[in-house]
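Residue numbers (full-length UniProt numbering): 1 to 609. Heads up, the beta-carbon is just placed ideally off N, CA and C, and yes, glycines get one too.
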């Protein structure tokens, strides 16, 4: 028990206090029920805090002993409810195995893919607990509006954005979408609300000017993390809770949050788990029946493949085919299939490099690269040329379709980013050790094929960076959809090409575009600096820009890839002022080192991939 007087627990924007009648307590009693049960000291950071340090750290509602102990006896019927859900699931499995599937799947979708049965209400139920954590509805509306919730194109909210008229203002959409959740709402629904708020709060953390009247008693990113922890601990980590469409959408929101804050590994694990649950409830087959099921299954595969490619991992679902309603959706589905082919090619090349893939000895990786490159060209031609014009985002959009423009902008980024990762393996030499000599003219990487790859990635890198800059003028989340990794890949590709081009002296044709390239990279780095998520990426690009400037003054650098690792480790800035090591997914580590007189006199060619 704390020796300091307990602060007055009053309603605030963060934690609601129970509305039950106050009881008389013994004089000198200051601890909350949770600290009393845990037998720990009940302390408050600030006198005006509405929750003690222990409850705030655990994401719990801080209830003083002057109120009834709602937690006590609140979960006595959880076991009975879980047994009931398990019995329903077991009954369904038995019906499937016995071939008793009804003619229409409507009832089956309601049972498996709809929300699971509501939990009976109670004073200490999980629904009541989650409801008490939610802020006041007026604060919820402010957070969602200022966090640009309805302009986010992740398309996993309910109802789907495309079902809301694009002519409506954000306020009108908020009125349609936001209804204060009932205290007895299902925990999955309440958890999705917490995760939506967490995503918006993460964006508001980048905009201090928007926080003045929100009355938050802790930094937005800390509050977002607390909401995430509560939703994860009590709902999304419980298998029976998320074996439904609503549960899958809530899991996807959790994965989106981790992708936003720069945790691709955590996001990958969550989406991979969601795909497993989707298989268990038969989502791949049901996805061909309704648009909602199709959208959820597509977003799961889409996110899994992009994250797998970033982390140098195999994709989960091998075959994928879904109908699309619009030309943009068809392009997105083509991107998903192309990502799968790029991952397969990379894994075949990786196995051959490691010597553990006999069946890959015949594999012609560059022929497959040319085939994928041609498919990307066909995909681009499937849309009119006007669609590829860089869309402009603004706070006041006259036609009111900022979300559609954002989706188009991201789809364009992905089209050009796929060109980068497709041709990236052919930019520099690869081997088990540092090449002992290098001739910029006679190198095998000056052939027609590799020149094509270099030209393709240079143009694609410029397109990616220009669109990322436009995106960040409006959306302030730095790691949105892995944009930080895409930005560093595009910038790294341009800088490496310029470093190698400086070896050609007056024959360096890239010199004509050097000023523009450095300018757009400088703008990208500036937009990444100052945030806790992308500071390290900005430092890497600053170091690479310094090396490029030294190379422009006549110093030669050797650039090569040391294969042997998976290439998914974190970026490593070496202590040497004139060298840098960067991971290359699936293949290893890119070494950028100053060439000394000793190494320039050695002989022996480097090894080609």
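Check	Outcome
Count the other C-beta atoms from every protein chain shown that fall within 10 angstroms of the C-beta of residue 73, then say buried if there are 16 or more, exposed otherwise.	Note that residue 73 has pLDDT 44, beneath the 50 cutoff, so the model's placement of it is unreliable and no number is given.
Do you know whose CA, among 494, 62 and 38, lies nearest residue 44's CA?	62
Ignore the nearest five residues each way along the sequence and tell me which others in residue 552's own chain have a CB closer than 8 angstroms to its CB.	498, 502 and 514
Does the stretch 417-428 come into contact with the stretch 484-496, if we say contact requires no fewer than three beta-carbon pairs (one atom in each stretch) closer than 8 angstroms?	yes
To which residues does DSSP link residue 32 through a beta bridge?	64
May I have the straight-line CA-CA distance separating residue 562 from residue 387, to the nearest angstrom?	40 angstroms
For residue 114, count neighbouring Cβ atoms within 10 angstroms of its own Cβ and tell me buried if that reaches 16, exposed if not.	For residue 114, the pLDDT reaches just 48, beneath the cut-off of 50, and the residue's location in the model is therefore unreliable, although a value from the coordinates is still provided. Exposed.
From residue 333 to residue 222, what distance separates their C-alpha atoms?	36 angstroms
Below 8 angstroms, can you find three or more Cβ-Cβ pairs linking the stretch 513-527 to the stretch 451-470?	yes
What is the rounded straight-line gap between the Cα of residue 316 and the Cα of residue 590?	27 angstroms
In angstroms with no decimal places, state the Cα-to-Cα distance between residue 556 and residue 456.	24 angstroms
For residue 381, which option in 286, 407, 327 and 525 has the closest C-alpha, if you only look at C-alpha atoms?	327
Can you list, in chain order, the residues of its chain whose CB lies under 8 angstroms from that of residue 65, leaving out five sequence neighbours each side?	23, 25, 29, 31, 32, 33 and 36
Pairs of beta-carbons, one from the stretch 538-549 and one from the stretch 299-318, closer than 8 angstroms: are there three or more?	no
Find out if the Cβ-Cβ distance for the pair residue 183, residue 127 is shorter than 8 angstroms.	yes
Checking 8 angstroms against the spacing of the C-beta atoms, do residue 254 and residue 275 come in under that value?	no
DSSP state of residue 592, grouped into three classes?	strand
Would you give the residue range spanned by the beta strand (DSSP E) that residue 563 belongs to?	557-563
Mind checking if residue 452 is an interface residue toward chain C, Cβ cutoff 8 angstroms exclusive?	Among the chains of the structure shown, chain C does not appear; only one protein chain is present.
Thinking C-alpha only, which one of 181, 147, 148 and 266 is nearest residue 135?	181
Give the straight-line distance between the Cα atoms of residue 233 and residue 376, rounded to the nearest whole angstrom.	42 angstroms
Using a Cβ-Cβ cut-off of 6 angstroms (strictly less than) and excluding sequence neighbours within five positions of residue 259, which residues of its own chain qualify?	267
Which word fits residue 512, buried or exposed, when buried means at least 16 other C-beta atoms lie within 10 angstroms of its C-beta?	exposed
Rounded to whole angstroms, what is the Cα-Cα separation between residue 310 and residue 583?	11 angstroms
When the Cα atoms are used, what is the spatial distance from residue 335 to residue 225?	32 angstroms
Taking a contact to mean a Cβ-Cβ separation below 8 angstroms, would you say residue 536 touches residue 469 in this structure?	no
Does DSSP classify residue 40 as helix, strand or coil?	coil
Round the Cβ separation of residue 205 and residue 219 to the nearest angstrom and send it over; I've been treating them as touching at under 8 angstroms.	7 angstroms
Looking only at C-alpha atoms, which of 149, 407 and 383 sits nearest to residue 199?	149
Could you pull out every residue in the same chain whose Cβ sits closer than 7 angstroms to the Cβ of residue 595, ignoring the five residues on either side in sequence?	556, 557 and 558
Using only alpha-carbon positions, find the residue among 131, 247, 493 and 405 that is nearest to residue 459.	493
How about residue 243 and residue 277: are their beta carbons less than 8 angstroms apart?	yes
Hey, how far is the Cα of residue 130 from the Cα of residue 413?	38 angstroms
My understanding is that residue 586 touches residue 347, with C-beta atoms under 8 angstroms, so please give their C-beta distance in whole angstroms.	7 angstroms
By a C-beta neighbour count over all protein chains shown, 10 Å radius and 16 as the cutoff for buried, is residue 203 buried or exposed?	buried
Near residue 544, what residues of its chain come up, given a Cβ to Cβ distance below 7 angstroms and the 5 sequence neighbours on each side ignored?	492, 495 and 580
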